[in-house]
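Numbering (UniProt numbering), first residue to last: 1 to 220.
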């Protein structure tokens, strides 16, 4: 999601000041996407330039900034965004997949250790997310939490898959297939992550302690 569409969605409810938009944006995303006020006003300026929002009549903020409201063109843009599926290409590049792929080509890097450290960090995040979910909250916040929980669970499965692949290659005497370039390795690892995330049943009610015990036992 872009900040642009997030602000348009909030303005669809009615005119708002920049500070209101920042607070409501962070509340709607469960504070997983913090904004600074500069980002908000820079985006509003661009939206106004493109005719998607305009300054609304009303009392100005203490710093003299105006309230904003969405235009008809802005509502059309928002409707188009809601109707358009999010593509894989429009999502952020996966830093972890790229890091592991590049680690394979850097001498002296213990890729297995990188995988194990990441798994522990992701499992700790999963525990915290599960704890937050038990606390309940608004449905918008719970949806964001569920997405993060599913993502963490998928990442742990993918890291297990990476460790198994590394073991197979190590047994064969190499950690990189002959003729494979770092760029090709990056593409393959990222592709494997996408496939693994969709394999098997994923439950957002994962028993995290049991899962950690499973992984700890697997290392023995």
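In this text, a Cβ means the ideal position worked out from N, Cα and C, and glycines have one as well.
Item                                                                                                     : Value
C-alpha distance - residue 11 paired with residue 148, whole-angstrom precision                          : 26 Å
Extent of the continuous beta strand (DSSP E) to which residue 68 belongs                                : 67-70
Rounded separation between residue 65 and residue 4 - CA only                                            : 19 Å
Residue 144 - containing alpha helix (DSSP H), residue span                                              : 139-171
Contact check, residue 68 vs residue 86, beta carbons under 7 Å                                          : no
Proximity below 7 Å, CB of residue 142 to CB of residue 132                                              : no
Bridge-paired residues (DSSP) for residue 16                                                             : 68
Contact between the stretch 110-121 and the stretch 148-164 (3+ Cβ pairs under 8 Å)                      : yes
Best match in 44, 170 and 153 for proximity to residue 124 [C-alpha to C-alpha]                          : 153
Neighbourhood of residue 26 by C-beta, 8 Å cutoff - its chain only, sequence neighbours within 5 removed : 33, 34 and 35
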